[in-house]
Structures are given as structure tokens and as C-alpha cells.
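A.B. asks: The structure's right below; bear with me while I get my questions together.
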Amino acid sequence: QKYVYDFAEGNMDLKDLLGGKGANLAEMTNLGLPVPPGFTITTEACKAYLATGEEPAGLAEQIAAHLESLEREMGRPLGDPDDPLLVSVRSGAKFSMPGMMETVLNVGLNDRSVVGLSTQAGGNDRFAWDSYRRLIQMFGKTVCDVPGEEFEHALDEAKRAKGTTSDLDLDADDLRGLVDAYKKIFSKHTGREFPQEPREQLDLAIRAVFESWNAERAVVYRRQERIPADLGTAVNVVAMVFGNLGPDSGTGVAFTRDPASGAQGIYGDYLANAQGEDVVAGIRNTVPLQELERIDKTSYDELLGYMARLEEHYRDLCDIEFTIERGKLWMLQTRVGKRTAAAAFVIAGQLVDEGLIDLDEALHRVNGAQLAQLMFPRFRLDHEFEPVAKGIGASPGAASGKVVFSSDRAVELAAEGESVILVRRETNPDDLNGMIAAKGILTSRGGKTSHAAVVARGMGKTCVSGADDLDVNVPQRRFTVAGRTVNEGDVVSIDGTTGKVYLGEVPVMPSEVVQYFEGTLDAENTDDPLVRAVHRIMTHADQRRRLAVRTNADTAADAARARRFGAGGIGLCRTEHMFLGDRRELVERLILARTDQDRDAALAALLPLQRSDFVEIFRAMDGLPVTVRLIDPPLHEFLPPLEQLAVNVAVAQERGEDVAKEEALLAAVRRMHEQNPMLGLRGVRLGLVVPGLFAMQVRAIAEAAVTVVREGGSACPEIMVPLVGAVQELETVRTEAEKIIAEVVGDSGVEVLIGTMIEVPRAALTAGQIAEAAEFFSFGTNDLTQMGWGFSRDDVEGAFFWRYLELGIFGISPFESIDREGVGRLVRIAAEEGRAARPGLKLGVCGEHGGDPESVHFFHSVGLDYVSCSPFRVPVARLEAGRAAV
Ligand code: PEP
Ligand code: MG
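Numbering-wise, the sequence shown is residues 9 to 894 according to full-length UniProt numbering.
So this is what it looks like as C-alpha cells:
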């Protein structure tokens, strides 16, 4: 098996095998760009290594052969004492996982080749010894698990001895001394000397990169980003080039468009006399890339040329890492760059304008999660809040929360339900858990490409980086800015678009995109590029999608908003929500009724209230289909809890009050108490047991429809029966309902459909029978998941899902995204068998999954007619339905 590829042998379509970095290095090499030579060890080799703990057979020989040809090409052997070749060993998985896995630079240096390196660098001893100490440090930490602080400590010690705070003041002798100190640390922790044999260094570094695939932070990151755990990483072995050889050297990161806003132009950061990792780590503040024009115009022009070339080739925003070694430009990496949600839309629109992609492709370039982000509120700026600092708007959004200074504390407070802002000087991969837990991230150092910025953008989390007015004191858990001290627990607000930082909680307002959906911002007459791009892409999605999108709404206000957001009807109106508030008393009367008369009176009192609710909803939907679900939850949910009621009665009795009514209520609550209410007297069962209840609701729906039609409007009610498991249940309800409908509707022209939810597994499995009595099915995937898995939907998330996620039993909660193989299979069976029994059977879904991007694609693929979701999810579902169709 071939485990090693020269860059010239690969291309960008081999990401599975070569990882993103390797595939793109190959692509750039083949485009003729100046990439330092090297080779890639495949993800297959990594997987084999991780499975067995040993390199697969043949790998060592293949590495040797490719190393030899690399040495030939470079004209110097790895670690040669007189003229050494040095290599970097870099991870690179199929999906970019910034900073999560390992990299070792300067492999090939030892006590002898350090001298050769100095000669190579024109007698630059300082550089050579600094490179060597970096190798021992990186190698020790990542390959041999030597605690990184020990090296940091020794470095601080050397600086203190020299009376300085900057590494740059250490001279060659100091660094040579530091190398000795580092070697001692190394042998103390590993029980062996620092390996002098270059090939051994290389092999150990490769192993360490393989193993870093399973490092804890990488595992956490993959879970967060839903990256499969079994892909493995490739390893790139690349000839070293040096950005730290003096002022005519440097390193930087460039974007072909602004990854924050999508605007066209030259974006990036440059750091003179530094190595690549220094930029990403945000160690020193960088200068804007444009400054490079002044520093080294030749390289700058050359870089711009390559950037244009790469954009055209990839037909997308590219990000690039480059190094200049004594005036010679080297391209170290490129990839289709991460971007904010706003930039994704804007860039997709621009690329259509430029003729690089068509609108279908533009649809693929954006997604529902990004659209959802654009619908988050933003700060209201017309008020008295003054920013106390301004950093770089690294990842947009408006976040307020309590300040914390450590990842652990962020996780702790977030678990208590607090919003937190994680404040750090700069973040590193160990902060990942805290970044996930926080609402926003604020750093005092680092640019748009620092770790914090890149990771936050990837997660869609608000981030302000490089707010250098902040003096962050992590050990003391406070920062000072503009003469004020902010302690842990104080509230700040950060604006990831403008980079502004405010003290206190700043009020928020709807985002531009929401204003557009609401119709208060006109896409044709705005020059906001984002709104125009969203409008254009949404319009195309609507043209392309086959799935209709409805909404789950129980009030006229929600219904009206969902219509503005593009809903084509109501897929679920939960009538139980109309039994709350001051109507509760009527429900109590119903439950306590001792005689038919009492019960009828209670129902008669509820009827006009229900009717007027439906009238309003039908008016709001103006002829669009409205699926009204008959009451679903157990009635005792509308009564006070048992314990509380028992206490009240006891207390009142004690006081000698008249408690006859309360006692009756208590008795009813006791009578109706269930061990498993979710599997108890609810849904259709309730309709079959409580005489007149469903009849009242059916009458209210039909009468409301007639009312609206008589006043000149139109109404398309669809009555939906919940929790059906057997066709007989549905038939019984249907027979009674049809009678009432016929009586109420008369010759008004109103048509009422009767259908059912499919949310009990048995219903899915007998869908052929059920379809005989149903004009439509709506999949209640919440209950279908609950009963399909046997997971109590109200209890499991906190109880044990974390463990299931940890073990990879599922990658995401099945209540959030449909479990295709299990619950999804039930949906597929019911859809097929239902349609076989009744061609033209209308099929929809109204569980939470109706607004989940992944699930929408599934529902498209099984041939449903519509998805229904909460009003704010409607645009997301429209977009994803369009994406599913192209
Ligand atoms: C469902 O079960 O998916 C559903 C929509 O009904 P509810 O969430 O009201 O139980
Ligand atoms: Mg349900």
C-alpha cells in the first residue's frame, strides 16, 4: 500500500487521504507556486497506526525513499553536520482543526548540525541556537510530554539573568546555555538524552502527530464541529524555510477577501522576523498585511499575484500562510478559508456576480446554521453606552456576560446557566472547553488570525481579539481598562463586528437580516451587501425547493410573524397552549365535573374561547393551510402539582377554613396521578375517555373557519389527532368529528381535512392501515424519538447524553437532529406504506427536527411535502430545503 505521496503526486481532491493541508500543498505545487518541497504521509497510515500502536509495514521504507529524494532536491541531507536539511512535521486532517493537533519544527537539529545551520545562515549563531532550543522545547512538549511550563520557566530564568523581558535580547551564548538547560529538563522527564539522530527525531515526531489525533482537545473540537472521530490525520513533512532570519524575513497570513465581512481586498497580518507559529499563537501583535508593500514590495506583489491565482482556481475565498526567507517568498499553506456567516453570504453573492459560480453553487456555499447566526440580535447603538476599548472584530455577534479568566471557570458558570465572556491575553488550544461554554471571547492580544479569532469564527462565537488597551491579569482574575478595574463576575458586552468593548449589559435589537425578513428593511433599496446577498440566495432557495415550509404556532402573532418569515402555513397549532392562563379554571371545572351537565357546561364555556383563538389564527394565515392538533398532554398538567396542593389543603384545614373545593381538586389530582404520564392518558386516549372534549375542539375549529369565510376571508383547517397508535383510535375520533363538521359547515364551502400525527412507533409500522382513515400524516419526531429510543425527552439531556456523546454512541442528540437509521427508518416506512395505501397522502413533519438543517435534508430525501418549525427557524428551513434540492 502507498502511504507516502510527494507533493507533486497529490491534488486537492485527495483530502480524505492527504488531509486538507497535504492536498492543498500538492495543488499549489502543481500550480507552480513556490511551495517548499516535501511529502505527505496518508491518513490511512495514521489509522493503521492508531489501530495497532505500530507503524504499518512498509511505511518506514517509503518514508526513507521520499526523504532521500527530498534531500536530493534540496541538496542537503537531513541533519547534516555541515549543511543540514531541517524539516517541519505538521498535522493536517481532512477538516481543518486549527491548533488542535501537533506540529514540530526544526527537526534535524542536533549538537553538530546546529553549527552547520549557523554557517548556512551566514554565521548567524544566535539564530541557530534559538532554532535548536525551539526544537527541544516543541519536541519535548509534544513528542515526549515534558511539561511546557518547565521550558517557559527556564526561558524566563535566562531573561531574568540577562535583566531583560524580551527573547530578542538573548544572544547566542545565552541561547546555548538555554539549550543545555532544556536538555537537562528533557532527560529529567524522559529518562533519556535528547535524541541526536535526525531520523529518530523524525519518526518520533510523526508518531506524535498521529497520536495527537486523539488528544483530548482534538476530541472535544471534533465533537463540537461534528467531525467524525475515525478520519485520522495526515502528516506533512516539509523542508523548513525561516521567517526569523532577520528583518528581510518574516511570516504572515493572508485572505483573499475579508473573512469577517466578505468585502473584497487584501486582508491579513504580517510579522517580520518571526516563525509561522508566532502569528497564529498571537504572541506578538502583527501589522496589517498592506504594510508588507512598504517592507518588501517584490514579495508583496508576488504574493498578490498568487492570491488572485488561488482565488480563481478554487473559486472561493482562500486563506494563505506564507513565509519570506531573506526576500524569497514561500507559500506554506492554503485552503478555502473559514469565514463568518455574513461573509459566507456576501462572498457567495460576489462570486455569482463575478461569474465564478452559479446560484445553485452559491446555495451550497451557505447553510442554515449561518443564517441562524445572522438572525441573532445585535447591540442597540443609539444609547449612552460608550466603549471602553476597541479591539479587532474577529467574529461577529453581540455578547454580554460575566467576565471569567479561565476555561474551567467559564465551564463552571455556564453550567449554572450564566452567560460568560472568557477574557484572556490570548487563547490557546487548552482553552477550547471554555470557549465552547462562553457566549463570547475577548483577548488583549492577537489579530484576525490568532487562535481565538480562528476558532471563534469556526464556532460562530462572538469574539473581539487584540483589544490591547486591556491590561489582563489572569492570576488576579481582573483586567483594567481606561482606569477602571473589571473583576471576575462583572458584566461586559462585546461587539464582534465593530470590535468594541462596553462595561455593563448593552441592550440589543433585531439584526438587519431579521429586519429584512420582518419586511422593515427592503432588500431592493438597501446598500447593505449582506441583506442583498441574503435576499438573493433566499429567493433562489425558494425557487429551487420542493419542500414546503410551515410553522409551529399557537397564536395569531406568531402565525403572522412566521408568514412574514416565509411560512406557507401552520403545520402544528398546539391547542393545549390555549388552555393556560385564566382559562385554567375552566379546565379544572371540566376535570372536576361530576355530572354530564357539569362537564357540558365547562366545555360550553371553553368553546367560544377556542373559537375566537382559531378565528384569529385563520385570519392571520388568510387561506394558507392550518393544522390544528387536538389536545395532547395529560389533563393533570393543567392542575396544580400534587405536593403543593396537599400542603395548601393541610394548612387551610389547620386554620379551620372551608376546603371542600380544594379537597375535591386534590382527590382529582390523586386520581389522575400517573407514574409515566408521557405514556399515559394523553392525546387521542384523552379524546376517547373524556366525552365531548375533542367534539368541542372540532366544533370550535369548524365554526371559526365558517366565521372567517362568511366575513369574506378563507380558511383551510386540517384537524390533527395526536398519539394515534392504531387505526381504530383514529376511526372513532373521525366518525364523531365528521358528523360535527358536516353539521357546522353546511353549505359554507369550508373544507376540513382530518389527519393524524405519526409519533408512536406502532403508528409508523401500521401506516398502511392508518392512511385509510387519514388525509394527512404529520410526523411528531419528538415523541417518535422518545418512544423509538425509549428516551424520556424531558430527562435525558442532562442525565446521560453527555456520556453517550463522549462514547460516540451518537454524535449529536437524536432530539436535535433526526436519527436517520432508526427513527428515520420509521419515518421512511410510514411515508412509503402510507402513500401506497393512499396515493397523494399529504406528509409533513412538525417535531423540532423540522427546523434542523441536517434533518431537513433527510425529510427532503424521503419525499415529505413539508417541514414545520418554530417561526424563527422558518428561514433556515427554507434555505436548507433549497439546498437539499440542488
Ligand atoms: C412531536 O411529538 O414531535 C410533536 C410535535 O408533538 P409534541 O412536541 O407537542 O409532543
Ligand atoms: Mg408529540
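All C-beta atoms, glycine included, are put in the ideal place defined by N, C-alpha and C.
Tell me the residue span of the alpha helix (DSSP H) that contains Ser121.
C.D. replies: Ser121 to Gln128 is the extent of the alpha helix (DSSP H) around Ser121.
A.B. asks: Just the residues with CB closer than 5 Å to a heavy atom of ligand 2, in chain order, which are they?
C.D. replies: Those residues, listed in chain order, are Glu767, Gly788 and Asp791.
A.B. asks: Please tell me whether, using a cut-off of 8 Å, the distance from the CB of Cys854 to the nearest non-hydrogen atom of ligand 1 is below it.
C.D. replies: The answer is yes for Cys854.
A.B. asks: Helix, strand or coil: which one does DSSP assign to Glu526?
C.D. replies: Of the three classes helix, strand and coil, the one that applies to Glu526 here is helix, per DSSP.
A.B. asks: Just to confirm the assignment, what range does the beta strand (DSSP E) spanning Asn132 have?
C.D. replies: Neither: Asn132 is in no beta strand (DSSP E) and is coded neither H nor E.
A.B. asks: Report the partner residues of Leu761 according to the DSSP bridge assignment.
C.D. replies: For Leu761, which the question treats as bridged, DSSP gives the partners Glu726.
A.B. asks: According to DSSP, simplified to helix, strand and coil, what is Pro633?
C.D. replies: Strand, per DSSP.
A.B. asks: Mind checking whether Met315 and Pro44 have CB atoms under 9 Å apart?
C.D. replies: In this structure, Pro44 does not lie closer than 9 Å to Met315 by Cβ.
A.B. asks: Identify the residues that DSSP records as bridge partners of Ala262: which are they?
C.D. replies: DSSP output for Ala262 lists Gly276 and Ile328 as bridge partner(s).
A.B. asks: Cβ-heavy atom distance between Asp640 and ligand 4 below 8 Å?
C.D. replies: For the structure depicted, ligand 4 is absent and the ligand set comprises only ligand 1 and ligand 2.
A.B. asks: Three-state secondary structure (DSSP) at Asp562?
C.D. replies: In this structure, Asp562 counts as coil in the three-state DSSP scheme.
A.B. asks: Would you say the beta carbon of Leu687 comes nearer than 8 Å to a heavy atom of ligand 1?
C.D. replies: No, the beta carbon of Leu687 sits no closer than 8 Å to any heavy atom of ligand 1.
A.B. asks: What separation, rounded to the nearest whole angstrom, lies between the Cα atoms of Gly130 and Pro92?
C.D. replies: Approximately 13 Å, taken between the alpha carbons.
A.B. asks: For Ile599, does the three-state DSSP call read helix, strand or coil?
C.D. replies: Looking at Ile599 - three-state DSSP - the assignment turns out to be helix.
A.B. asks: What does the alpha-carbon distance come out to for the pair Ala262 and Ile274?
C.D. replies: Looking at the two C-alpha atoms, the distance is approximately 7 Å.
A.B. asks: Report the residue from Met629, Glu624 and Arg591 whose alpha carbon sits nearest the alpha carbon of Leu611.
C.D. replies: The residue with the shortest Cα to Cα distance from Leu611 is Arg591.
A.B. asks: Look up Gly254 in the DSSP assignment and give the residues it is bridged to.
C.D. replies: None, per the DSSP bridge assignment.
A.B. asks: Alpha carbon to alpha carbon, how far is Gly859 from Glu824?
C.D. replies: For Gly859 and Glu824, the distance between alpha carbons rounds to 9 Å.
A.B. asks: Check this for me: beta carbons of Phe194 and Cys152, under 9 Å apart or not?
C.D. replies: Yes, the pair counts as a contact, with Cβ atoms nearer than the cut-off.
A.B. asks: Have a look at Ser408, Pro64 and Glu205 and flag the residue whose alpha-carbon is nearest the alpha-carbon of Thr50.
C.D. replies: It is Pro64 whose Cα lies nearest to the Cα of Thr50.
A.B. asks: Could you check which residue in Asp88, Asp188 and Ile71 has the C-alpha nearest to that of Ile214?
C.D. replies: Minimum Cα distance to Ile214 is reached at Ile71.
A.B. asks: Run the proximity test for Pro730: is its beta-carbon closer than 8 Å to any non-hydrogen atom belonging to ligand 1?
C.D. replies: Pro730: yes, Cβ under 8 Å from ligand 1.
A.B. asks: For Met443, verify whether its CB is less than 8 Å away from any heavy atom of ligand 1.
C.D. replies: Met443 Cβ: outside cutoff for every heavy atom of ligand 1.
A.B. asks: May I ask whether a heavy atom of ligand 1 can be found less than 8 Å away from the beta carbon of Met315?
C.D. replies: False, no ligand heavy atom lies under 8 Å from that Cβ.
A.B. asks: Straight-line CA distance for Val853 to Ala723?
C.D. replies: Looking at the two C-alpha atoms, the distance is approximately 21 Å.
A.B. asks: On the DSSP letters alone, give me the boundaries of the alpha helix (DSSP H) that Gly776 sits inside.
C.D. replies: Per DSSP, Gly776 belongs to the alpha helix (DSSP H) from Ala775 to Ala779.
A.B. asks: Examine ligand 1 and report whether any of its heavy atoms sits within less than 8 Å of the Cβ of Asn560.
C.D. replies: Result yes, Cβ under 8 Å from ligand 1.
A.B. asks: In the structure shown, what three-state DSSP assignment does Leu311 receive?
C.D. replies: Note: Leu311 maps to helix in three-state DSSP.
A.B. asks: Among residues of its own chain, excluding the 5 on either side of Ala570, which ones have a beta-carbon nearer than 6 Å to its beta-carbon?
C.D. replies: Cβ neighbours of Ala570 beyond the five flanking positions: Thr559, Ala561, Pro879 and Val882.
A.B. asks: Which residue wins for smallest C-alpha separation from Val716, given the options Ile748, Ala445 and Ala628?
C.D. replies: Comparing Cα positions, the closest option is Ala628.
A.B. asks: Is the number of C-beta pairs between the stretch 638 to 654 and the stretch 575 to 589 that are closer than 8 Å three or more?
C.D. replies: The answer is yes - the stretch 575 to 589 touches the stretch 638 to 654, with three or more Cβ pairs under 8 Å.
A.B. asks: Return the first residue and the last residue of the alpha helix (DSSP H) that Trp797 is part of.
C.D. replies: Taken as a continuous stretch (DSSP letters only), the alpha helix (DSSP H) holding Trp797 covers Thr789 to Trp797.
A.B. asks: What residue from Val431, Phe393, Ala402 and Glu394 has the CA that sits closest to Gly409's CA?
C.D. replies: Of Val431, Phe393, Ala402 and Glu394, the residue nearest in Cα terms is Val431.
A.B. asks: For the stretch 156 to 240, list the alpha helix (DSSP H) runs that are entirely contained and at least 4 residues long, ordered along the chain.
C.D. replies: List check, alpha helix (DSSP H) in window: 156 to 170, 180 to 198, 206 to 220 and 224 to 233.
A.B. asks: For the structure I just gave you, are there three or more beta carbon pairs, one from the stretch 137 to 146 and one from the stretch 233 to 242, closer than 8 Å?
C.D. replies: The stretch 137 to 146 is not in contact with the stretch 233 to 242.
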